[in-house]
Structure formats: structure tokens, C-alpha cells
Amino acid sequence: MYLYDEIDQKLVDERVAQFRDQTRRFLAGKLSEDEFRALRLRNGLYIQRYAPMLRIAIPYGLLSTKQLRKLAHIARKYDRGYGHFSTRQNLQLNWPKLPQVPDILAELATVQMHAIQTSGNSFRNITTDHFAGVAQDEIVDSFVWCEIIRQWSTFHPEFSYLPRKFKFAVNGARSDRAAVAVHDIGLHAVHDAKGEVGFKVLVGGGLGRTPVIGFVIREFLPWPHLLSYCEAILRVYNRYGRRDNIHKARIKILVKERGPERFREEVEAEWAYLKDGPSTLIAEEVARIESRFTRPAYLNLPAIDAGLEATLASNRAFANWHKRNVHPHKRPGYAAVTLSLKKTGVPPGDVTAEQMERIADLADRYSFGELRVSHEQNLIFTDVQLSDIHALWNEVRALGFATPNIGLLTNIISCPGGDFCSLANAKSIPVAEAIQQRFDDLDYLHDIGEIDVNISGCMNACGHHHVGHIGILGVDKNGEEWYQIQIGGNQGEIRPGVGASLGKVIGPSFARAEIPDVIEKLIECYLARRDSDAERFIDVVHRVGVEAFKESVYGNADQRAAHRRGQLASA
Amino acid sequence: MATLIKEQRIVADSWRLLSRGPKGELPEVPAQGDVIVPLALWLARRDALLAYPGKLGVWLDAHEGPEEIAADLRRFALVAVNFPKFGDGRGYSIARLLRERYGYEGELRAIGDVLHDFLYFMKQCGFDAFVLRDDQEVQAALSALDTFSEGYQTSVLRPVPLFRRRLATGKR
């Protein structure tokens, strides 16, 4: 955990006081709806379909058990006893009452938490690899860099009122688990030929209604220049990003309208003034931030635990779970364990207050009192001793978080959708549930292998449907809910050298009841064409193309034409 | 009449702000008095304005660049930047550039949709005078100039970022 110093704490406290005053003025009729909206959004407070929604920041997804218990307390005291972990590694409460929100923020501040800039046209929560600090392919500990950027981006006087929201992702390992290509700025740590650390900088990626893969503005930016270079990018965006149309205001549109090369030239021209200025980072500051993170007191353990190996050999259910939900660790004798929040019948990412407390107890006993929220909406214990894994499995199973589906079809990413969100065109959660019910046979799921299914209830793409191997998008047709299917998207590298990709729509949309059948047809098409079980769904889509999948769903071109003629005739 | 805050106090305003007419026509310059002219008027009648008997200021709209007046800054007793809507953040960059890149040291005034809750950022970016929108409660707004006691980043008021100042004081 990063531990606040006095100044970090003071700023968060001052923010609570500021928002308390703003809320008071609004309730007294001294602030207009429009003005208060701009202010409350920067504290994560939306007015939703049925009630306000409060989005609490979990910076880079890292939580202590003390914080999780506080979240449980808040969910119980101020809400309906549960919360929703989102794809931005945040926690959302769906039923807080506006006059109580300042009290909620004050409670959060007591455990070094806040809701600062979780919404509005500002820097948002910075996301990263959920295996940061423990991954075997680590280049840098991305948490340190996320925290440096968090501080720099908090209440930035010049960049607090950007044309639109702005999302950073930082990846500190060789392989990209932070989806850096689909963020406004993506930073991927790299070494240069001399072994110095720097960042590959991507700009202008994003999902939403105009999905774009970010372009590489710099192959290698030495780490001391990180903040001054970002300032140059942000100044160009703040001055020239469009403010006349909310749908064209993201930096990706500016990059597209300028063209990447011209955009790069403008940034470099701006940077010429800022380079080597006071924002230039220094080793002492990186070391200071690093030293404020608590670190697990690891034991010296053998790399293999005989007890674990024996249990794996004798207990098939445990072995199945272990295969999917336990991940390697850079430290011998330890592993990372994913608690799946994707049990069939429960909205993806939802956790009750009681479950939060039970999870906190487990994290205290098994993982140094810390846990992570992944952008796949699961929770991760990153530092579990191998000899404890079986005992942990038994405990997690009793809580219902041992669904062995990490990476599998039922580990669906889903936004809250039309059940909760006022922006949604369609519901998402019932679709996720229907798919999970259809694919309830575990052997079949394991046979299908790794696949990402992502669902968004509207084109704002909170469920990241563009980068799902199968993406499902809720659309509105004459007031009815329909669903468009796309395939072939991928959030990170598909294989070394083949980067992130956006899915392609396979054809006309479907009614909700048809979706499980459609998914089943796509899966059957994949299984019939794969070379072996080592070739994943996404690999087959990229190898054979979309047409075969299209045919499996809609029939061949002749059948599709006949179908269309039939529709026209009956229309 | 709108209230002017300057140097953390409420002060009387001697300046007259000139704007384009309803059809976009450039305003007429009065015979005397202190005037703030729109950038377009300055660019169109530079020589005549240089001979103006009163004090001269210029104002930039949010889409206009400080580059346009950078070479002439010493000719103005005041530069104003317009915020067409409170959530429009372009004025913050304009202010920093005027102060930091072009070395402007005179009065830098925020005009337009200038509200209580935005004064802190404006001040940090180098504004030292604020014409509040008519409906704002002035006394409350004065305290908002210093909402936050510290800042992590560089700004006009804090040219050295917190991490360098921490290091200088030896405070870890």
C-alpha cells in the first residue's frame, strides 16, 4: 500500500471540506444544477436512473483490508449493503443519498481514500496491471509510477477542466495486461539498449463510440521526462481539443483530425519549452514514493510445495480451479490467487458488505492484508504462500468466489447496464447471466479455453466490448433493446508482436433471448476450426477471418440474401 | 455591477471592457478612460491604439492564443482572458503561457463565467484579478482563492513542484 504523508492527507481532507460546502450551497439553492453537476462529477457523484451513483477511487486497483472494511461499512450504512467493482478498478455505490455524500467522503478520507476525479472532464483513476509488483516479467513496479502520476494529476490547476475525461494506463511488465493501447495515454515501461528505464508512450487510444488503437508518439521516453512530456501532450489537448461537441472531445479525435505526425510535432514543439524544467523527475522522488509503499515480508521458501503438489494430483476440482485462478509469482514459494466475482446468477463485480468483510479477513490471514481489484472485475490476493493455497480454496469456495473461470467464457466483463445506468440503451447483466447459464458445464468451458466476453449496455463501452474476443453491445431500435455482436477484439498483445485489436461487427443485431444461441454458434464454429486446443478463439478469428463465423450465425451469403428477401416481403 | 477581486480584496474597477457588437462589428474606442479592447481590435488598429490617451488593456477569448500578443505585452497595463463557460479550461493554459513563457507581469484578469469554485485554479495559473459573475457571493468567493493549502504540480504560484520543495527542506 502507498501510505499518505501529511500533505497527501491534508489535500484529501480539504477536498472533503470543499465538497461539503458545495453540497450545502447546492441544497440551499445557491448553486445551479448545471454548476453543481460539474463539481459533483469530480467527486464521482452521478445522478442515475433511480438514485445517485458514487464512484469511489481505488487508485490502480490496490486496496488494504482496512480500506475494504471501511467500504463494507459505508455500503451498509449509506447504501443497500453492496457495491459494484467496475472495469476502471473502482467501486461504485448505487444508492447513496446526496446530503450524506460529504459524510461518505469524510469516512473514506479516514482510510486514505477518496472519490477525487472519478468522473467529469478531468484526469481519471489510473489503471495498471493487476499483477504489478509480483509478475515474473516485471520491468518496473508500475504502482510507483501510477502514484507519481496520481499525485501530478490530482487538482492539476491547468488541466482540471479538460475538453473531456482523460484516462491513463501504465504497464510495468513485458506483457501488456493494462490495455495501454486503448487509453488516452498509455505508458508501457521498457528498457533501452543501455538498460535504462523509460516508457513507450501511446496517445489517443480509447473505446467508446469511436474506438481507436493509440498511436506510438514516443518509442522511448526516459523516465525523468515523464511528467514534462505528459504536460506537453495535455497542454496541446487542453488548448486545441474540441469543446463544441461532447462526442468529438476526446484526445483521440484531436489526434485523428491533426494526423498523428502533426500532433507529434506540436507536442514536441511544446515540450521543447518544458523539457528539463522543474517538472523533471529525480531519482530521490522515485525512491521516496517507492519507500512509502508497504511491502510484504516474504519468507524464504522453496519454489515447490510438496503438499500442494500432492493435493493437486488427488483433487480434480481443486486442480481445475488452480489451473485457472492461481498465477505465478516472481518470488519462490508464493502465488497470486484470483477470487472470481463472476458466479452465475450474480451481476459481475457485485459484492455484499458481508462478503467484503469476509474477504478482508481472508486477505489478512493469507495475503499480507492487501488485495487488488482487476479491470476484469475480480479480486486478487497477490501474495499467497503455496502451502496455504488449498486452505484458501476451501475458504473462498465457501464464500462462492471459487468459480474456476478466470480467462474462460463465463468470466464476463459487464457494465452495470440498463438495470442501473441512465446512459444505457439496454441491459447487460441479464445477458451475462444467460450466457453463464448456457455454458454451465465446467469441462466444456475448459475445453473451449481462454476467451474474453465483454458486454456494454451502450456505445460508451464501459464493458469494453470492442476489445472482447466476443463483444456484445446493447443498442436501441425504436425503443427496444437489441444486441450487436462483434468478434476479434483483444485488449493486449495477441501474441508477441501482434498488438491490441478492435472487434468487427458480424452483422445485424439480435434480441436478448437469442444471444446464448449466437454465442454457442460462434463457439461451435471455433471448435470446428481450431488446430488444437492450444489455438484460442481469438487466434482462430485472426487466422480464418470473420466470414466463417458470420456464416455460422447468419448462414452463407445465399441464405442471408434469401433471408433478407423474406424480411422485405413480409415488411 | 460585477465585483472585481484583486489582491485578495474587493476593489473598484476603473476599466471599461469593449466587446464586439451584435453583428460581430468591432467596437468604437472612447475618447478617454481605461479600456480593455478585444484582440481583433488591437490587431486591426494597432497604430491608433498605441496613441490612445488612457490606459490600454487587451482581452483574449478562450480560442485565441497568447502568441498573438506576446511581442506587445509591455504595451498593455492589463490582459484579460475570457471564460465563455465555467467548465472551459483553455483560459488556464493561456494564463500560464502569458506568465511563464512570455514573462507578462502586469494585471491578469479573469472575465466571463467566473465562479466561486474555479477561483483557486485560476489563481494558481497566474490570474491576479477576477471579475465575478453577478450572482456570486463575494465574501464566500474570497475564501475559495485558497481552497487547497498545497499542490503537487508546478503552477505560476508554485513554480517548483512539491517533490523538489520537499527535498530542499529535507522533509521526507
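Those protein sequences? They're chains W and Z, same order as listed.
No gaps in the numbering here: position 560 of the first sequence is 560 in my numbering, and each next residue is one more.
Take any residue in the second sequence, note its place counting from 1, add 1000, and you have its number in my numbering.
We put the beta carbon where it would ideally sit given N, CA and C, even for glycine.
Just so you know, these numbers come straight off a predicted model, no measurement behind them.
- Item | Residue span of the alpha helix (DSSP H) that contains Trp-1042(Z), given as start and end | Taking the second sequence and counting its residues from 1, the one referred to as residue 1042(Z) is at position 42. Run containing Trp-1042(Z): 1039 to 1044, per the alpha helix (DSSP H) assignment.
- Query: Counting Cβ pairs closer than 8 angstroms, one from the segment 399 to 408 of chain W and one from the segment 295 to 312 of chain W, do we hit at least three?
  - Reply: no
- Query: So Phe-26(W) and Asn-43(W) are in contact, right, with Cβ under 8 angstroms, and what is the actual spacing, rounded?
  - Reply: Along the first sequence, read from residue 1 onward, the residue named residue 26(W) stands at position 26. Along the first sequence, read from residue 1 onward, the residue named residue 43(W) stands at position 43. Not confirmed; about 12 angstroms, so no contact.
- Could you pull out every residue in the same chain whose Cβ sits closer than 7 angstroms to the Cβ of Arg-1140(Z), ignoring the five residues on either side in sequence? Position 140 of the second sequence, counted from the start, is the residue given in the question as residue 1140(Z). As written in the sequence, residue 1140(Z) is Ala, which differs from the Arg given in the question. For Ala-1140(Z), where only same-chain residues beyond five positions count, the Cβ hits under 7 angstroms are His-1116.
- Message: Tell me which residues share the same chain as Val-1037(Z) and place their Cβ nearer than 6 angstroms to its Cβ, disregarding the 5 neighbours each side in the sequence.
- Response: For this step, residue 1037(Z) is matched to residue 37 along the second sequence. Contacts found: Leu-1018, Val-1058.
- Item | Cα-Cα separation between His-329(W) and Arg-124(W), rounded to whole angstroms | Residue 329(W) sits at position 329 when you count from the first residue of the first sequence. Residue 124(W) sits at position 124 when you count from the first residue of the first sequence. Each residue's Cα considered, the two are about 29 angstroms apart.
- Message: With H, G and I counted as helix, E and B as strand and the rest as coil, what does DSSP make of Thr-280(W)?
- Response: Translated into positions along the first sequence, residue 280(W) becomes position 280. In the structure shown, Thr-280(W) sits in coil (DSSP, three-state: anything other than H, G, I, E or B).
- Task: List the DSSP bridge partners of Phe-152(W).
- Result: Counted from its first residue, the first sequence places residue 152(W) at position 152. Here the sequence assigns Trp to residue 152(W), which means Phe is not the residue at that position. In the DSSP output, where bridge partners are listed per residue, Trp-152(W) has none listed.
- Task: Let me know the secondary structure DSSP gives Ala-424(W) once reduced to three states.
- Result: Counting from 1 along the first sequence, the entry for residue 424(W) is found at position 424. Coil.
- Residue from Ala-28(W), His-327(W), Phe-85(W), Ser-387(W) with nearest C-alpha to Glu-376(W): Position 376 of the first sequence, counted from the start, is the residue given in the question as residue 376(W). Ranking the options by Cα distance to Glu-376(W), first place goes to Phe-85(W).
- Message: Using only the alpha-carbon positions, how far apart do Ile-251(W) and Asn-394(W) sit?
- Response: Walking along the first sequence from the start, residue 251(W) turns up at place 251. Walking along the first sequence from the start, residue 394(W) turns up at place 394. Approximately 47 angstroms, taken between the alpha carbons.
- Going by other Cβ atoms of all chains shown within 10 Å of its Cβ, with 16 needed for buried, is Ile-282(W) buried or exposed? Here residue 282(W) refers to the residue found at position 282 when the first sequence is read from its first residue. The residue is exposed, with fewer than 16 neighbouring Cβ atoms inside 10 Å.
- Item | Residues bridged to Ser-64(W) [DSSP beta-bridge criterion] | Position 64 of the first sequence holds residue 64(W). According to DSSP, Ser-64(W) bridges with Glu-370(W).
- Query: In angstroms, rounded to a whole number, what distance separates the CA positions of Arg-40(W) and Tyr-46(W)?
  - Reply: Here the question's residue 40(W) lines up with position 40 in the first sequence. Here the question's residue 46(W) lines up with position 46 in the first sequence. For Arg-40(W) and Tyr-46(W), the distance between alpha carbons rounds to 7 angstroms.
- Message: Please classify Glu-1064(Z) as buried or exposed, where buried requires at least 16 other C-beta atoms within 10 Å of its C-beta.
- Response: The residue labelled residue 1064(Z) in the question sits at position 64 within the second sequence. Counting Cβ neighbours within 10 Å, Glu-1064(Z) comes out buried, since at least 16 surround it.
- Query: Using a Cβ-Cβ cut-off of 6 angstroms (strictly less than) and excluding sequence neighbours within five positions of Arg-1172(Z), which residues of its own chain qualify?
  - Reply: One-based indexing of the second sequence puts residue 1172(Z) at position 172. The predicted model places Arg-1172(Z) with a pLDDT of 49, which falls under 50 and marks its position as unreliable; any figure quoted below should be read in that light. Hits under 6 angstroms: none found.
- Query: With C-beta atoms as the reference, is Glu-615(W) less than 8 angstroms away from Val-144(W)?
  - Reply: Here chain W has residues from 1 to 571 only, and residue 615(W) is not among them.
- Message: Please list, in chain order, the chain Z residues whose beta carbon lies closer than 9 angstroms to that of Lys-10(W).
- Response: Here residue 10(W) is taken as the residue at index 10 of the first sequence, counted from 1. Those within 9 angstroms of Lys-10(W) in chain Z are Phe-1148, Ser-1149, Glu-1150.
- Query: For the alpha helix (DSSP H) that contains Gln-1124(Z), what are its first and last residues?
  - Reply: The residue given as residue 1124(Z) occupies position 124 in the second sequence. Gln-1124(Z) -> alpha helix (DSSP H) spans 1119 to 1124.
- Query: Is the shortest distance between the beta-carbon of Arg-239(W) and the beta-carbons of chain Z less than 8 angstroms?
  - Reply: Position 239 of the first sequence, counted from the start, is the residue given in the question as residue 239(W). So yes, Arg-239(W) belongs to the interface.
- Task: Provide the residue span of the beta strand (DSSP E) that contains Leu-187(W), from first to last.
- Result: Indexing the first sequence from 1 puts residue 187(W) at position 187. Start and end: 185 to 191.
- Sort out for me which residues DSSP pairs Ser-456(W) with in a bridge. Looking up residue 456(W) in the first sequence gives position 456. Leu-473(W), per the DSSP bridge assignment.
- Item | Glu-641(W) - DSSP class collapsed to helix/strand/coil | For residue 641(W) there is no data in the structure shown, the boundaries of chain W being 1 and 571.
- Task: Using a cut-off of 9 angstroms between C-beta atoms, extract the partners of Leu-1162(Z) located in chain W.
- Result: Mapped onto the second sequence, residue 1162(Z) falls at position 162. Near Leu-1162(Z) (Cβ distances below 9 angstroms), the residues of chain W are Ile-7, Gln-151.
- Item | Beta-carbon spacing of Ile-185(W), Arg-150(W) below 8 angstroms | Locating residue 185(W) in the first sequence gives position 185, counting from the first residue. Locating residue 150(W) in the first sequence gives position 150, counting from the first residue. In this structure, Arg-150(W) does not lie closer than 8 angstroms to Ile-185(W) by Cβ.
- Message: Contact criterion: CB-CB distance below 8 angstroms. Does Asp-1088(Z) meet it with respect to chain W?
- Response: Position 88 of the second sequence, counting from 1, holds the residue named residue 1088(Z). Yes - at least one Cβ of chain W is within 8 angstroms of the one on Asp-1088(Z).
- Does the segment 426 to 433 of chain W come close enough to the segment 448 to 456 of chain W that 3 or more CB-CB pairs lie under 8 angstroms? yes
- Touch check for the segment 133 to 140 of chain W and the segment 69 to 77 of chain W: three-plus C-beta pairs under 8 angstroms? no
- Message: If I follow the unbroken alpha helix (DSSP H) through Asn-325(W), where does it start and stop?
- Response: Here residue 325(W) refers to the residue found at position 325 when the first sequence is read from its first residue. Counting along the chain, the alpha helix (DSSP H) containing Asn-325(W) begins and ends at 316 to 325.
- Query: Since His-84(W) is in the beta strand (DSSP E), which residue starts that stretch and which ends it?
  - Reply: Taking the first sequence and counting its residues from 1, one reaches residue 84(W) at position 84. Unbroken beta strand (DSSP E) run through His-84(W): 82 to 85.
- Query: Using a Cβ-Cβ cut-off of 6 angstroms (strictly less than) and excluding sequence neighbours within five positions of Cys-146(W), which residues of its own chain qualify?
  - Reply: Counted from its first residue, the first sequence places residue 146(W) at position 146. Answer for Cys-146(W): Tyr-60, Ile-126, Thr-128, Val-170, listed in chain order.
- Message: Looking at chain W, is there any beta carbon in it that lies within less than 8 angstroms of the beta carbon of Gln-1008(Z)?
- Response: One-based indexing of the second sequence puts residue 1008(Z) at position 8. By this cut-off, Gln-1008(Z) is not an interface position.
- Flag this pair as yes or no: are the beta carbons of Val-1114(Z) and Phe-1130(Z) separated by less than 8 angstroms? As a working note, residue 1114(Z) is residue 114 in the second sequence. As a working note, residue 1130(Z) is residue 130 in the second sequence. Yes, these two residues count as a Cβ contact at 8 angstroms.
- Task: Would you tell me roughly how many angstroms separate the C-alpha atoms of Gly-1126(Z) and Arg-1096(Z), rounded to the nearest one?
- Result: If you number the second sequence from 1, residue 1126(Z) lands on position 126. If you number the second sequence from 1, residue 1096(Z) lands on position 96. Roughly 6 angstroms separates the two Cα atoms.
- Message: Quick check: is the beta carbon of Asp-166(W) nearer than 8 angstroms to any beta carbon in chain Z?
- Response: Locating residue 166(W) in the first sequence gives position 166, where the first residue counts as 1. It should be pointed out that residue 166(W) corresponds to Phe in this sequence rather than to Asp. Output row for Phe-166(W): interface = no.
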